[in-house]
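See below for the structure under consideration.
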Amino acid sequence: MTATLDEQDLQQGFEDVIAADQRIEPRDWMPEAYRKTLVRQIAQHAHSEIIGMQPEGNWILRAPSLRRKAILLAKVQDEAGHGMYLYAAAETLGVDREELTEKLISGRQKYSSIFNYPTLSYADVGVIGWLVDGAAICNQVPLCRCSYGPYARAMIRICKEESFHQRQGYELLLAMVNGTDAQREMVQESTNRFWWPSLMMFGPPDADSPNTSQSMGWGIKRHTNDELRQRFVDMTVPQAEALGITLPDPDLRWNAERGHYDFSEPDWSELKAVISGSGPCNAQRLAHRRRAHEDGAWVRDAAAAYAAKHGGSR
Amino acid sequence: MSGHATQGDHDATNAYRSLADSISHDDPGWAFGTGVEDVQAEITSPVPDGVDPAELAEYCLMLGDDALICSQRLAEWVSNAPELEEEVALANIALDLLGQARVLLARAGHVEGAGRDEDALAYLRPEPGFRNVALAELPDGLDFGRAIARLLVFSAWRLALLNRLLDSRDPVVAAVAAKGVKELAYHRDYAARWTLRLGDGTAESHRRVQAALDAVWPHVGELFRTSDVERALVEAGVAVDPAELRGEVDEVLDEVLARATLTRPTAPPAGTIGGRGGREGLHTEHLGHVLAELQSLARQHPGATW
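If you read the protein sequences in the order shown, they are chains G and S. Going by numbering that gives the first Met the number 0, the first sequence opens with residue 0, and the numbers climb by one from there. Going by numbering that gives the first Met the number 0, the second sequence opens with residue 0, and the numbers climb by one from there.
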């Protein structure tokens, strides 16, 4: 291969594809930094699905009706499925699931900070569906148009299921606010806890988000953190009104001039603390994942040994 | 932008917009994937002629409680499975069994005629009201070998049972059987495949799955014991005599164990209390803990709907 000249052609070809808003596919040439950014982002997303099974899984065994149990179990199962598609998308970039899992459990790769908060009542199941899945949808819908084909395609499927989960969560909350006083209080209390962490899911303010412009240039990201956060607030306020609950921000109000709701700044020092490992549940979540992975080693070894003896992968 | 992207974008955005629409609690869409909506029978079908409603209710509880308690045990695996494929599979099996349980408990409540629905039966009965076999309630300690050993025996037995209930005179039991045989065939296949991998995998996995089989084996005998209610309902064309299943189940288990290089355990059956067991409401110490967890939240909020 005649390196330098080819390299320039390849770079130009890549940039043309991005400029034309077309897709990069696994066999296409791509700059190493683009590949690394995607691996990091897709892995973090996959890890979030898997770690996210823990806070919601916390209530499956205690779900207060059999219908709610079935809905929650199916939802958490979907999250495992999302993790599978996303790890598979990452694998098209030359990494494998085992390697990424090792990076997760050794703390070298992150997952969404929201899952470092505990689920303390059944209302949390509904509020996670409504606010957390709602915020995730705002973040993820634009990824269906991401420049990397396998990631974009995985996101299309995931977004469909996420929007279903979001509706189910909201429907649980509707049932609860129409129920007993205790149930209504649970919904309000849960919303109070999850509102600010949900706003933090969009990441730091644009001024403190150094990677955003490169990711937007590459067509990996389509909107800034603050744009998505505003969109989420604008969508959520009428939904909270429909539930008859109060979002815990005294400065939240409609700004007719901007055509958007004004809202307070989240406490960014809390986000920094959670991201750097000292949120309420960071240690618990990672220890749980590590324990499950290590406890399963003998099973994975057995499957590999059996496949080696009998041919076929599984 | 490709056609795919437009489609995905549109759908997800639409789902958001639809939140503003009125949301009906009866919308079957909400229960999507929960396995209940596709059983083709009316819970409220009349009790077949010549069948004692109290006995039919009790029989539906037996079949329903086996599924409910086994499902609860499988659900303990969520976020604990050895691999993501197993997360999905174990949750799937738990969902299938939960779906069977819901229909059967609803049927039990209907024919009993005391106004109890599936949730009243699942959440408000104390231990002696449950009619499941001990095998369903045993803890597995999140040992995958134990989970597979129990699932292998349970699914081989329940598949044989449901196969014979396809022409039950109770239309709801027959409908659960019709849907359940397809589900159980998958559960049994899944458990059998893992039994082969673990039995004929590494020395460690062989040792562990053999120990797991040894641990569940004392509870196999109960599966084939005929209770008075079953005996009466066999006469009425509603139930199956579980004693008749033994040959078929043994044959399946022997074949799987042989291919997995495992030894059929010789442990004697666990003792009973005056001949009574799970079918008569006498359980192991484990069921109380399963129910304490399952029922705790529902019992904290009497009269609440969710």
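We treat Cβ as the ideally placed atom computed from N, Cα and C, and that holds for glycine.
Tell me the DSSP bridge mates of residue i?
i                : result
Ile272 (chain S) : S:Arg275
For residue i, which three-state DSSP category applies?
i                : result
Asn254 (chain G) : strand
His259 (chain G) : strand
Ile104 (chain G) : helix
Tyr147 (chain G) : strand
Ile59 (chain G)  : coil
Ile127 (chain G) : helix
Ile42 (chain S)  : coil
Ile23 (chain G)  : strand
Val306 (chain S) : Not covered by the structure: residue 306 (chain S). The range shown for chain S is 0 to 305.
His300 (chain S) : coil
Ile17 (chain G)  : helix
Met185 (chain G) : helix
Asp95 (chain G)  : coil
Val289 (chain S) : helix
His282 (chain S) : coil
Cys280 (chain G) : coil
Ala133 (chain S) : helix
Lys220 (chain G) : coil
Lys109 (chain G) : coil
Glu82 (chain S)  : coil
Gly220 (chain S) : helix
Pro27 (chain S)  : Bear in mind that a pLDDT of 36 at Pro27 (chain S), under 50, signals an unreliable position, so the number given afterwards is only what the model happens to contain. It is helical.
Ile315 (chain G) : It is not possible to answer for residue 315 (chain G), since the shown part of chain G is limited to 0 through 313.
Arg124 (chain S) : coil
Glu247 (chain S) : helix
Trp305 (chain S) : coil
Pro264 (chain S) : coil
Asp139 (chain S) : coil
I'd like to confirm something about residue i: is its beta-carbon nearer than 7 Å to some heavy atom of the ligand MN, or not?
i               : result
Arg67 (chain G) : The ligand MN is not part of the structure shown, which contains no ligands of any sort.
Give a yes or no on whether 8 Å exceeds the smallest Cβ distance from residue i to chain G.
i                : result
Phe129 (chain S) : no
Gly200 (chain S) : yes
Ala90 (chain S)  : yes
Trp305 (chain S) : yes
Ala297 (chain S) : yes
Ala93 (chain S)  : yes
Val175 (chain S) : no
Gln209 (chain S) : no
Gly98 (chain S)  : yes
His300 (chain S) : yes
Pro81 (chain S)  : yes
Glu292 (chain S) : yes
Confirm, please, whether the CB-CB distance from residue j to residue i is below 8 Å.
i                : j                : result
Ala304 (chain G) : His300 (chain S) : no
Ile147 (chain S) : Thr201 (chain S) : no
Gly178 (chain G) : Gly125 (chain G) : no
Glu48 (chain G)  : Lys74 (chain G)  : no
Leu65 (chain G)  : Ala121 (chain S) : yes
Leu134 (chain S) : Ser154 (chain S) : no
Leu151 (chain S) : Ala191 (chain S) : yes
Ile219 (chain G) : Gln40 (chain G)  : yes
Glu82 (chain S)  : Gly51 (chain G)  : no
His244 (chain G) : Val176 (chain G) : For the sequence presented, residue 244 (chain G) should be read as Ile rather than His. Contact flag set, yes.
Leu55 (chain S)  : Val110 (chain S) : yes
Ala87 (chain G)  : Val38 (chain G)  : no
Phe193 (chain G) : Val131 (chain G) : yes
Pro63 (chain G)  : Leu290 (chain S) : no
Val239 (chain S) : Leu160 (chain S) : yes
Are the C-beta atoms of residue i and some chain S residue less than 8 Å apart?
i                : result
Val75 (chain G)  : yes
Phe13 (chain G)  : no
Arg228 (chain G) : no
Thr91 (chain G)  : no
Pro63 (chain G)  : yes
Val16 (chain G)  : no
Ala19 (chain G)  : no
Tyr116 (chain G) : no
Tyr84 (chain G)  : no
Inter-stretch contact (C-beta, 8 Å, three-pair minimum) for the segment 123–132 of chain S and the segment 277–290 of chain S: yes
Touch test, the segment 250–261 of chain G against the segment 233–240 of chain G, Cβ-Cβ under 8 Å, three pairs minimum: yes
Positions along the segment 280–310 of chain G whose CB lies within less than 9 Å of some CB in chain A: Of the protein chains in this structure, namely G and S, none is chain A.
Meets three-Cβ-pair contact criterion under 8 Å: the segment 221–239 of chain S and the segment 154–166 of chain S: yes
Inter-stretch contact (C-beta, 8 Å, three-pair minimum) for the segment 278–295 of chain G and the segment 169–186 of chain S: no
Contact the segment 250–264 of chain S vs the segment 89–107 of chain S: 3+ CB pairs below 8 Å: no
The segment 115–133 of chain G / the segment 202–214 of chain G touching (three or more Cβ pairs under 8 Å): no
Touch test, the segment 141–157 of chain G against the segment 220–232 of chain G, Cβ-Cβ under 8 Å, three pairs minimum: Result yes; three or more Cβ-Cβ pairs closer than 8 Å.
Stretch-stretch touch, CB-based, cutoff 8 Å, three pairs: the segment 70–89 of chain G with the segment 85–99 of chain S: yes
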